[in-house]
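S.K.: Have a look at this one before I ask anything.
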Amino acid sequence: MRLAAPRPMTAAVLVVLASTSAGAQTPALSRTPDGKPNLQGIWQVLNTAAWDLQDHSARLGVPAGQAVVEGNDIPYQPWAVKQKQENFASRATADPETQGYLPGVPRIMYMPFSFQIFQTPTHVAMTFEYAQSVRIIHTNGTPHPRGPINWWLGDSRGRWEGDTLVVDVVHFTNQTWLDRAGNFHSDELHLVERYTMAGPDHINYEVTIEDPRVFTRPWKMSMLLYRRKEPNVRLLDYVPALLMDEEQAARERAKTK
Amino acid sequence: MTTRCAGFTIVLTVLIAPFDAAAQTLPRPPVLAGCPTENLAFHTCALQKAKTFDPPRTPSGRPDFQGYWRSLLTQSFTVEGVAPDDPLATNPFQPWEAAPPEIVEPADRKIPYQPWAAPLGRRGAHFREYIDPRTTCSTGGIPRLSLQDASQILQPATDDHVLWLHEDHHQFRVIAMAQRPAVGRDVKLWNGISRGRWEGNTLVVETTNLNGYVWMDDSGNFYTDTAHLTERLTMIDADTIHYEVSIEDPAAYTRPWKVAWALVRETERGFELIEESCREGERSLPRLREAGLKFYFGATWKNR
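Quick look at the structure:
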């Protein structure tokens, strides 16, 4: 999508959306006892962002997908465009995620695995099936600790702006990518995430990405998180590094037999 | 992209190094919450204290376990204890500390292994031939997880879950307090599936669906994927939890057995859990593999 006047189809869609929301009774937002929107539950994206944040055709093992990046444009500095292209060419082995490492933020949010949100007045915790990752978001007014700190999932401090949870994340490594397509960042990455309930079973997730070392300006992605509603749904585990070891162990056993 | 790599590695190594030491446990005080600190004596005394102590409560009236905790009266060498004349206690390079058993039941304070299983655990075949699974950056498993480093308990006001976060290898335990459909027995997880309930002031957590790929200590003591664990957490004063785990596994033991120790509140001002990445900076694994040690993954009991 380019920045241009809305085409007739977009306008038509907007009209339909507007009339639906006006006609339907909006259910009251579920809230925790302290009055905050209740984000708790098991959530998962239904998109292809983990493979490629931008518009892309199908590739073997990768569904075609539409951009989660606003405007489909990632504003790389000239040197970084080249780096991204090199990353893409060698992605099968160069993507740190192929080593089973923690995938970084925001990538952990759109891995094709479930995660669970827990809320208290002082903390929002997110626990992920993928790589047994955890994000602890401090919502008790405390500031980021002083750096330099290189954490794979950064340091998250949250606050409520009305009914939106706003999370500021810093102190990253330069060792994680944003997707399998080689989109990347440096350790100067700074994120502002916004979590807003968009109905009882959807969270609108927006994240602004800032990194003066790699990009020419801040840019934004947005996507929906879907509530897993199966009556028996539970958070299970997928620990890639250990699954690799287990395969290796099985190969070694087969060889000695 | 790679220019800051070296600096980063140094930071990571510094962060990880202290955690990789075998035992990150606090020294044992002579008295804790008015109880003696030999594990069995503590256990007996704490069960009495638990009857009368009225714990702090959440707004919904549940005992409030929230905050940061560290284990006490623990060592990670062996749940069966280390005698002062143990050869490993006198090893000049990395001496194990002499310590009483964490086992409080049965009376002989030994794991009641079935005959086939005893030579695997207890510094047997596992210890000689396999890499401690925790060294590969797995979870310590239950109950070993709770004796490593700090942890944090969160109790959302919705009362439907208790979340136990562990600094060690960024592990977590989701404890479902509401009735949930059972999970099929072919679904096996490193930390299992946990269901919790309140019995008076005690948080009782039952865990099944374990993959049996973890060890309980550095000595290779183990359970299999048929294990059923029951943890009981009870406050005996505002800063001390009596932690007890009953371990049942009809495939490996002749009877259930129990360990007990304490969790004490971390009161350092501004304390927070930090990210303890592990595999991302792991350097010792290739050396252990070159030395001929094998991956465990339940290899010794899986296809018996």
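Residue numbers (our numbering), protein chains in the order written: chain E, 434 to 690; chain P, -3 to 300.
Backbone N, C-alpha and C define an ideal beta-carbon position, used for all residues, glycine too.
Could you please give the first and the last residue of the uninterrupted beta strand (DSSP E) stretch that includes residue 544(E)?
M.R.: Taking the first sequence and counting its residues from 1, one reaches residue 544(E) at position 111. Counting along the chain, residue 544(E) falls outside any beta strand (DSSP E), and DSSP gives it neither H nor E.
S.K.: Tell me, to the nearest whole angstrom, how far the beta carbon of residue 679(E) is from that of residue 293(P); I am working on the premise that it is less than 8 Å.
M.R.: Here the question's residue 679(E) lines up with position 246 in the first sequence. Here the question's residue 293(P) lines up with position 297 in the second sequence. Yes, they are in contact, since the Cβ atoms of residue 679(E) and residue 293(P) sit about 5 Å apart, within 8 Å.
S.K.: Can you list, in chain order, the residues of its chain with a C-beta nearer than 8 Å to that of residue 606(E)? Leave out the 5 residues immediately preceding and following it.
M.R.: Stepping through the first sequence from its first residue, residue 606(E) is reached at position 173. 537, 583, 584, 585 and 620.
S.K.: Tell me the rounded alpha-carbon separation between residue 289(P) and residue 116(P).
M.R.: Within the second sequence, numbered from 1, the residue matching residue 289(P) stands at position 293. Within the second sequence, numbered from 1, the residue matching residue 116(P) stands at position 120. Using only the alpha carbons, I get a separation of about 15 Å.
S.K.: With a cut-off of 8 Å, do at least 3 Cβ pairs link the stretch 657 to 668 of chain E to the stretch 538 to 552 of chain E?
M.R.: A contact exists between the stretch 657 to 668 of chain E and the stretch 538 to 552 of chain E.
S.K.: According to DSSP, simplified to helix, strand and coil, what is residue 148(P)?
M.R.: Translated into positions along the second sequence, residue 148(P) becomes position 152. Reduced to three states, the DSSP call for residue 148(P) is strand.
S.K.: Residues of chain E with CB under 9 Å from residue 189(P), in chain order?
M.R.: Numbered from its first residue, the second sequence carries residue 189(P) at position 193. Residues of chain E passing the Cβ test: 667 and 669.
S.K.: Going along chain E in order, which residues have a C-beta closer than 8 Å to the C-beta of residue 159(P)?
M.R.: Residue 159(P) sits at position 163 when you count from the first residue of the second sequence. The contacting residues are 551, 558 and 560.
S.K.: Roughly how many whole angstroms lie between the Cα atoms of residue 676(E) and residue 207(P)?
M.R.: Here residue 676(E) refers to the residue found at position 243 of the first sequence. Here residue 207(P) refers to the residue found at position 211 of the second sequence. So the two alpha carbons sit approximately 13 Å from each other.
S.K.: Give the list of continuous alpha helix (DSSP H) stretches no shorter than 4 residues that lie fully inside the stretch 58 to 127 of chain P.
M.R.: You should have 121 to 125.
S.K.: Just verifying my parser: in three-state terms, what is the DSSP assignment at residue 36(P)?
M.R.: Taking the first residue of the second sequence as 1, we reach residue 36(P) at position 40. Helix.
S.K.: What does residue 175(P) reach in chain E if we use C-beta pairs closer than 7 Å?
M.R.: Position 179 of the second sequence, counting from 1, holds the residue named residue 175(P). Within 7 Å Cβ-Cβ: nothing; residue 175(P) doesn't reach chain E, min ~11 Å.
S.K.: Helix, strand or coil for residue 504(E) per DSSP?
M.R.: Residue mapping note: residue 504(E) aligns to position 71 of the first sequence, counting from 1. Note: residue 504(E) maps to helix in three-state DSSP.
S.K.: Counting Cβ pairs closer than 8 Å, one from the stretch 82 to 98 of chain P and one from the stretch 182 to 191 of chain P, do we hit at least three?
M.R.: Taking 8 Å as the limit for Cβ pairs, the verdict is that the stretch 182 to 191 of chain P does not touch the stretch 82 to 98 of chain P.
S.K.: Looking at the structure shown, is residue 521(E) part of a helix, part of a strand, or coil, going by DSSP?
M.R.: In the first sequence, the residue the question calls residue 521(E) occupies position 88. In this structure, residue 521(E) counts as helix in the three-state DSSP scheme.
S.K.: Alpha carbon to alpha carbon, how far is residue 283(P) from residue 209(P)? Give it in angstroms, no decimals.
M.R.: Reading the second sequence from its first residue, position 213 is the one you call residue 209(P). Reading the second sequence from its first residue, position 287 is the one you call residue 283(P). Going from the Cα of residue 209(P) to the Cα of residue 283(P) covers about 21 Å.
S.K.: What are the boundary residues of the beta strand (DSSP E) that residue 161(P) is part of?
M.R.: Residue numbering aside, residue 161(P) sits at position 165 when the second sequence is read from its first letter. 157 to 162 is the extent of the beta strand (DSSP E) around residue 161(P).
S.K.: Which residues does DSSP pair with residue 226(P) in a beta bridge?
M.R.: The residue labelled residue 226(P) in the question sits at position 230 within the second sequence. DSSP output for residue 226(P) lists 202(P) and 242(P) as bridge partner(s).
S.K.: Can you give me the C-alpha to C-alpha distance between residue 504(E) and residue 643(E), rounded to a whole angstrom?
M.R.: Stepping through the first sequence from its first residue, residue 504(E) is reached at position 71. Stepping through the first sequence from its first residue, residue 643(E) is reached at position 210. Cα-Cα distance, rounded: 16 Å.
S.K.: Go ahead and pull the three-state DSSP assignment for residue 54(P).
M.R.: If you number the second sequence from 1, residue 54(P) lands on position 58. The answer is coil: DSSP assigns residue 54(P) none of H, G, I, E or B.
S.K.: Let me see if you follow: with CB-CB separation under 8 Å, is residue 626(E) close to chain P or not?
M.R.: Position 193 of the first sequence, counted from the first residue, corresponds to residue 626(E). No, no contact with chain P.
S.K.: Who are the Cβ neighbours of residue 133(P) in its own chain at under 7 Å, not counting the five residues just before and after it?
M.R.: As a first step, residue 133(P) must be located in the second sequence, where it is residue number 137. Excluding positions up to five away in sequence, the list reads 165, 274, 275 and 278.
S.K.: Consider the Cβ of residue 589(E): report whether some Cβ of chain P lies at a distance smaller than 8 Å.
M.R.: In the first sequence, the residue the question calls residue 589(E) occupies position 156. By this cut-off, residue 589(E) is not an interface position.
S.K.: Using 8 Å as the Cβ pair cut-off and three pairs as the minimum, do the stretch 646 to 654 of chain E and the stretch 154 to 163 of chain P touch?
M.R.: The stretch 646 to 654 of chain E is not in contact with the stretch 154 to 163 of chain P.
S.K.: Going by DSSP, what residues sit across from residue 635(E) in a beta bridge?
M.R.: For the purposes of this step, residue 635(E) is taken as the residue at position 202 of the first sequence. DSSP lists 659(E) as partners of residue 635(E).
S.K.: Considering only the beta carbon of each residue, do residue 565(E) and residue 135(P) sit closer than 8 Å?
M.R.: Position 132 of the first sequence, counted from the first residue, corresponds to residue 565(E). Position 139 of the second sequence, counted from the first residue, corresponds to residue 135(P). In this structure, residue 135(P) lies closer than 8 Å to residue 565(E) by Cβ.
S.K.: Could you give the distance in angstroms between the alpha-carbon of residue 297(P) and the alpha-carbon of residue 220(P)?
M.R.: Your numbering for residue 297(P) matches position 301 in the second sequence. Your numbering for residue 220(P) matches position 224 in the second sequence. Distance between the alpha carbons of residue 297(P) and residue 220(P) is about 7 Å.
S.K.: Cβ of residue 124(P) less than 8 Å from any chain E Cβ?
M.R.: Indexing the second sequence from 1 puts residue 124(P) at position 128. No, residue 124(P) does not count as interfacial toward chain E.
S.K.: Could you name the residues of the stretch 263 to 283 of chain P whose beta carbon sits closer than 8 Å to any beta carbon of chain E, in the order they occur along the chain?
M.R.: Under the 8 Å Cβ criterion, the stretch 263 to 283 of chain P contributes 266, 268, 269, 270, 271, 273, 275 and 276.
S.K.: Please compile the residues from chain P whose C-beta is within a distance smaller than 8 Å of the C-beta of residue 530(E).
M.R.: For the purposes of this step, residue 530(E) is taken as residue 97 along the first sequence, with counting starting at 1. Near residue 530(E) there are no residues of chain P at all, since even the closest Cβ is about 11 Å away, more than 8 Å.
S.K.: State the CB to CB distance for the pair residue 99(P) and residue 255(P), rounded to an integer number of angstroms; the pair is presumed to be in contact (CB under 8 Å).
M.R.: In the second sequence, residue 99(P) corresponds to position 103, counting from 1. In the second sequence, residue 255(P) corresponds to position 259, counting from 1. Contact flag correct, Cβ pair sits at about 6 Å.
S.K.: Measure the C-alpha to C-alpha separation of residue 43(P) and residue 200(P) and round it to an integer number of angstroms.
M.R.: Walking along the second sequence from the start, residue 43(P) turns up at place 47. Walking along the second sequence from the start, residue 200(P) turns up at place 204. So the two alpha carbons sit approximately 14 Å from each other.
S.K.: In the DSSP assignment, find the beta strand (DSSP E) that holds residue 592(E) and state where it starts and stops.
M.R.: Within the first sequence, residue 592(E) is the residue found at index 159, counting from 1. Looking at the DSSP string, the run of the beta strand (DSSP E) that includes residue 592(E) is 588 to 594.
S.K.: Near residue 479(E), what residues of its chain come up, given a Cβ to Cβ distance below 6 Å and the 5 sequence neighbours on each side ignored?
M.R.: Numbered from its first residue, the first sequence carries residue 479(E) at position 46. Contacts found: 659.
S.K.: Identify whether residue 190(P) lies in helix, strand or coil by the three-state DSSP scheme.
M.R.: Along the second sequence, one-based indexing puts residue 190(P) at 194. Residue 190(P) falls in the strand class under three-state DSSP.
S.K.: Any Cβ of chain P within less than 8 Å of the Cβ of residue 678(E)?
M.R.: Here the question's residue 678(E) lines up with position 245 in the first sequence. Chain P contact via Cβ: present.
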